[in-house]
Each structure stands twice: as structure tokens, then as C-alpha cells.
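See structure below.
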Amino acid sequence: MTDTRIVPIVMPKWGLSMKEGKVTGWLLEDGSRINPGDAILEVETDKIAGAVEAHESGVLRRRVGEPDTIYPVKSLLGVIADPSVPEEEIDAYVSSFVTPSADEDEAEQGPKYEYAETSSGKLRYAKRGSGDETAILIHGFGGDLDNWLFNIDALGESATVYALDLPGHGQSAKSLNKPGLGALADAVTSFMNTVGIDSAHLIGHSMGGAIAMHMAASDPGKVDSLTLICSAGLGREIGSYVDSYVAAQGRKDLKPVLEQLFADKSLVSRQLVDDVLKYKRLDGVEPLLKDLAASLFAGQTQQDQPGAMLASSKAPPTLVIWGRQDEVIPSAHAQKLPNAKVVVFDDAGHMVFMEKASDVNSLIKSHIAGS
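Quick note: the sequence shown uses the working numbering, first residue 653, plus one each step.
Take a look at the structure:
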């Protein structure tokens, strides 16, 4: 029988492909009082580094994970328990803890990725959760569904969540008829029709936010609510990121470009740079990205303004989230939509949903529930 007075802290699974992580340091000492959302320790993966946060309140009774040590996903890193729990019971819990095998973990999570044959070509997607509400995560320019590695499982706790690779991105088809915002929105709509989604809460980052707004303005029956994260389509200004991303040909060129995405530049790991380079070198990617950049962001100006279309129509419930240190799209654009709820984080950048994952996940969950 499980002792509910003892709560394990385990190596998290950030992203569908994560199998292990390295403990880089503890942020709290044994005996520290913990509340939900508190950062307990820092973990580094081959993709990104982040803090493991508490989901329960209590006292940090035992730190098990050693700094600079690599552990499989779901390994025991520490123990939270009430002070009334005797030390010998903590000892027994730690000594008897069994880490699930990789096979068990994958069976529990289900397939990592699936594919949908749509009118816009074959699109890769991931699905998590089984809640009554349905949400779709739409990434930005040059991104893919793995951008949501800190969000998809958390959001899947209370909704059925899909994340997809847009055409020309990730492992989806590398072609798109008449590349532009309308074609990308049609691709998401076709995806919804293919997998049987009548309507959904759309969560869009950057270019993905512009896609979501375009859908809400042109086909409002398909959109239950909007969450716009550092969204394109709310103003004309945009930085040099898109042009620099398209032009970058090697690690030396690409690393400073990717650093524009984060307030904490150390989050841009060598592996992240290598993964992006590998994607950019796939057949068909470079010409499609150039066409999209020319259609959407020519002359470092946002060509499409779906936010204006939305502001003049009956918009669905809308949450706008931004990082004040965004170097790609000015955070002042967060205030462009009337009647939207706006949250701006001071110490985050364009990838605020990674840098402030726990807070962003909570905001989105509340927004979906309230919509």
C-alpha cells in the first residue's frame, strides 16, 4: 500500500524523447518547507536545463539525487514528507523505491508520435491526456512540436492535448501550396478534420499565435478559446530573428540567433543548436522557410495582422502571455487586443512558455477551465 504521507521527487520527463537527465544542483536544503510551485533542484537534459518544481506541500526530508549525476526518467531524486513521519520510514521508502523501466514508461506514455494524412500533406503530431476539453499547441517559425516539452504533459492532466509539426517543420511534409498564413491555418484546420476535432482551445506561440487568430477570425466555430504566447500578428514590428535564422548556415552563425529566444542565454545548449542545424539541412526546408519568411515577415515587418481582424469581430476568450525581455517581437504588442487577459513575465523572453513553464501551464489550465 502506498504511503500518501510521503511524496517522491522524481526525474521529470520533459519532452517525448527524454530518457535521462543530470542533476546540476539543489536549490533547497533538507528540512526546507516546500509549497506547490517551489523550485527544488535544477536538472539538465540534452535539450535544455530547467528547475524541478514541487506539486505538493510538505518538508524536504531527504535529498537523494547527487549533483553532476545522470539519472533515468522517474528515478527518485528526493522525498517530501510531513515532519511527523519517522526517519526510519523515510529510509525504508528510499531503499524500496523502484524506478520504472524504460519499456514500462513508454507503455504508460503511449506512442511518442503519430501521423495524420491531411490535405496539406502528412503532419506529425503528439497526443496527451483524455479530458473533455481539447487543446491544440501550435509552434512558431522554425519550431516543432517538441518546443512544448515542458507543457504538453502538464496540460494533458486536465485536457486532451495535441501538438503538431506545421508543414515545413519538424517531421511533417516539407511542402506547402502558396506558403503564407492562410495556408498554415488551412493545414491546422485540415489536421483537426482528419483526427476528428470539431473545435479546440488554440494555444499558439509566435507565428502559431497568428495562425490561431486567423482561424478564430475566419472560422470562429472551430475555436473555443485562444492563448497567444509572444504572438505574431498583433503589430508590425519584428526583430531580425527570422531573417537571421533563415540565413544561418553553421553553428557559429546559429547560436547567437537562438540566444535571442531566451532571457537566460545559457539555455541554448550545443545539442539544441545541432538539432536545429540538422533540421535546416533537410531537403525542402530551406526554400520553404525562405518563402514563409518572405510572405509573413518581409523587410522585418509583419505582413499579416489577424489581431486587427479579431479585434473587429467577436473574439473568443483570449489569454495573452509574454516575456518582457522578448527580443523577437516587442512585449508592448501584448496590449493590442481589447478584452484579453494579459500576463507579462519580467524575467523571460520569447520562449516564456519554457522559461516560466509552471506558471504558464497554470495560466493556460485556468483559462481553458474558465472558457
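Note that CB positions come from ideal geometry on N, CA and C, so glycine has one too.
Start and end residues, beta strand (DSSP E) containing residue i
i, result
"G730", "728-733"
"L1015", "L1015 -> not in any beta strand (DSSP E); alpha helix (DSSP H) instead, spanning 1009-1022."
"L944", "It is not in any beta strand (DSSP E) - L944 instead sits in the alpha helix (DSSP H) that spans 937-949."
"T879", "875-881"
"R888", "Where R888 is concerned, there is no enclosing beta strand (DSSP E), given that its DSSP letter is neither H nor E."
"Y767", "766-770"
"V972", "970-975"
The alpha helix (DSSP H) enclosing residue i, as first and last residue numbers
i, result
"L906", "903-911"
"H857", "Careful: H857 lies outside any alpha helix (DSSP H), inside the beta strand (DSSP E) at 852-857."
"D805", "804-807"
"P958", "958-963"
"S983", "Premise fails: S983 is in no alpha helix (DSSP H) and is neither H nor E."
"R933", "Per DSSP, R933 belongs to no alpha helix (DSSP H) and is neither H nor E."
"F843", "833-847"
"A744", "739-748"
Same chain, Cβ closer than 6 angstroms to residue i, neighbours up to 5 away in sequence not counted
i, result
"G794", "Y897"
"S771", "S842"
"V994", "V972, A986"
"T812", "G781, S782, G783, T786"
"I788", "Y814, A852, L854"
"A837", "I863, H866, M867"
Exposure label - residue i; buried when at least 16 CB within 10 Å
i, result
"Q780", "One point to set straight first is that residue 780 is Arg, not Gln, in the sequence displayed. Burial call: buried."
"M653", "Confidence in M653 is poor, its pLDDT being 40 and thus under 50, which makes the residue's placement unreliable; the coordinate value appears in the next sentence. With fewer than 16 other Cβ atoms within 10 Å, it is exposed."
"G702", "buried"
"D784", "exposed"
"D817", "buried"
"D798", "buried"
"G902", "exposed"
"P664", "buried"
"T697", "buried"
"R776", "buried"
"G860", "buried"
"K1053", "The displayed coordinates of the chain run from 653 to 1023. Any statement about residue 1053 would go beyond what the structure contains."
"A864", "buried"
"D998", "exposed"
"T631", "Because the chain in this structure spans residues 653 to 1023, residue 631 falls outside the shown range and cannot be described."
"S748", "exposed"
"D743", "exposed"
"D682", "exposed"
"V750", "exposed"
"K726", "buried"
"R715", "buried"
"A1021", "exposed"
"G1077", "Given that the chain is displayed from residue 653 to residue 1023, the structure contains no residue 1077 and the question cannot be resolved."
Same chain, Cβ closer than 7 angstroms to residue i, five either side skipped, listed in chain order
i, result
"E809", "G781"
"K907", "V920, V925"
"R657", "A733, D734, V737"
"E708", "V659, P688, I732"
"S1014", "none"
"S1018", "none"
Close Cβ partners of residue i (< 8 angstroms) along its chain, the five nearest in sequence each way excluded
i, result
"D935", "K826"
"P968", "A868, P872, V875, D876, S877, L878, S1023"
"I692", "I661, W678, L679, L680, I686, A703, V704, E705, A706, L712, G730"
"L940", "P819, G820, K826, S827, L828, P831"
"K699", "W666, G667, M670, D798, L801, S921, Q923, L924, D927"
"E979", "G891, Y893, Q912, L913, G1001, H1002"
"S918", "A701"
"P674", "It is worth fixing the name first, because residue 674 is Lys in this sequence and not Pro. Around K674: V695, E696, T697, D720, T721, I722, Y723."
Strand pairing of residue i, partner residues [DSSP]
i, result
"A815", "A778, L789"
"P724", "E672"
"E694", "G677, A703"
"I686", "G710"
"F997", "G975"
"V662", "L728"
"R715", "G730"
"G795", "Answer is none; G795 lacks a bridge partner."
"G953", "One point to set straight first is that residue 953 is Thr, not Gly, in the sequence displayed. Paired residues: E889."
"G773", "T770"
Residue i Cβ short of 6 angstroms to the ligand FAD heavy atom set
i, result
"V1004", "This structure does not include the ligand FAD; it has no bound ligands of any sort."
*Would you say the region 985-1002 touches the region 962-971, given that touching needs at least three Cβ pairs under 8 angstroms?*
yes
*Does the region 887-895 come within contact of the region 945-960, defined as at least 3 CB pairs closer than 8 angstroms?*
yes
_Three or more C-beta pairs under 8 angstroms: does that hold for the region 821-836 against the region 938-952?_
Yes: at least three Cβ pairs fall under 8 angstroms.
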